[in-house]
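**Student:** Below you'll find the structure I mean.
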Amino acid sequence: MILGIGVDLTPVDRMARAMAAHDGRLEVKLFTEAERAYCKRRAAPAEPFAARFATKEATLKALGVPSGLSWHEMEVISSESGAPKLILHGRAQEAAQRLGVRNLHLSISHAGGQAIAMVVLEG
4 MILGIGVDLT PVDRMARAMA AHDGRLEVKL FTEAERAYCK RRAAPAEPFA ARFATKEATL
64 KALGVPSGLS WHEMEVISSE SGAPKLILHG RAQEAAQRLG VRNLHLSISH AGGQAIAMVV
124 LEG
């Protein structure tokens, strides 16, 4: 059963400008150490940063925007196959448990200066 769906579209150039304007502080606030390391290894790091930000926004929407969550409680990692995988920690994980979430599904992409993410919560 589908318990929640969230989607978000983030302009890559907006993410790049915001990160440049905050001299690294925004990266630390929004992304885990592992996410930052992954993105910085890419030729165009603003694209995966924007995709991960879109994932976090889509996750909030799918969870019903519970209050008090930290950006670090929603993390995108690479599965063994290389596909992106969403991991919830702390209060985000607790919110998912309250909803009865058993599986998280994530699809992300970036093209044409946009990054998109879709999160589906399955119970």
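Position one of the sequence shown corresponds to residue 4 (the numbering used here), numbered consecutively onward.
Here a beta-carbon is modelled for each residue, glycine too, at the ideal position from N, C-alpha and C.
DSSP on Glu-36, reduced to helix/strand/coil?
**Tutor:** In this structure, Glu-36 counts as helix in the three-state DSSP scheme.
**Student:** Considering only the beta carbon of each residue, do Glu-83 and Asp-11 sit closer than 8 Å?
**Tutor:** No. Outside cutoff.
**Student:** Any contact between the region 39-55 and the region 14-21? By contact I mean 3 or more CB pairs, one from each, below 8 Å.
**Tutor:** The region 39-55 is in contact with the region 14-21.
**Student:** Can you list, in chain order, the residues of its chain whose CB lies under 8 Å from that of Arg-101, leaving out five sequence neighbours each side?
**Tutor:** So the list is empty, once near-sequence residues are dropped.
**Student:** Taking contact to mean at least 3 C-beta pairs separated by less than 8 Å, is the region 26-42 in contact with the region 76-95?
**Tutor:** Judged by Cβ distances under 8 Å, the region 26-42 makes contact with the region 76-95, as three or more pairs qualify.
**Student:** Using 8 Å as the threshold, is the C-beta distance between Leu-109 and Leu-89 below it?
**Tutor:** Yes, the Cβ-Cβ distance between Leu-109 and Leu-89 is below 8 Å.
**Student:** Hey, which unbroken runs of the beta strand (DSSP E) at 3 residues or more fall wholly within the region 5-76?
**Tutor:** List check, beta strand (DSSP E) in window: 5-14.
**Student:** Could you check if Ile-111 is buried or exposed, using at least 16 other CB atoms within 10 Å of its CB as the buried criterion?
**Tutor:** By the neighbour-count rule (16 or more Cβ atoms within 10 Å), Ile-111 is buried.
**Student:** What residue range is occupied by the uninterrupted beta strand (DSSP E) comprising Ala-114?
**Tutor:** Counting along the chain, the beta strand (DSSP E) containing Ala-114 begins and ends at 106-114.
**Student:** Compute the Euclidean distance between the alpha carbons of Gly-93 and Leu-63, then round it to the nearest angstrom.
**Tutor:** Going from the Cα of Gly-93 to the Cα of Leu-63 covers about 14 Å.
**Student:** From Gly-7 to Arg-45, what does the alpha carbon distance come to, in whole angstroms?
**Tutor:** Distance between the alpha carbons of Gly-7 and Arg-45 is about 31 Å.
**Student:** Check whether the Cβ atoms of Val-122 and Gly-9 lie closer than 8 Å to each other.
**Tutor:** Contact flag set, yes.
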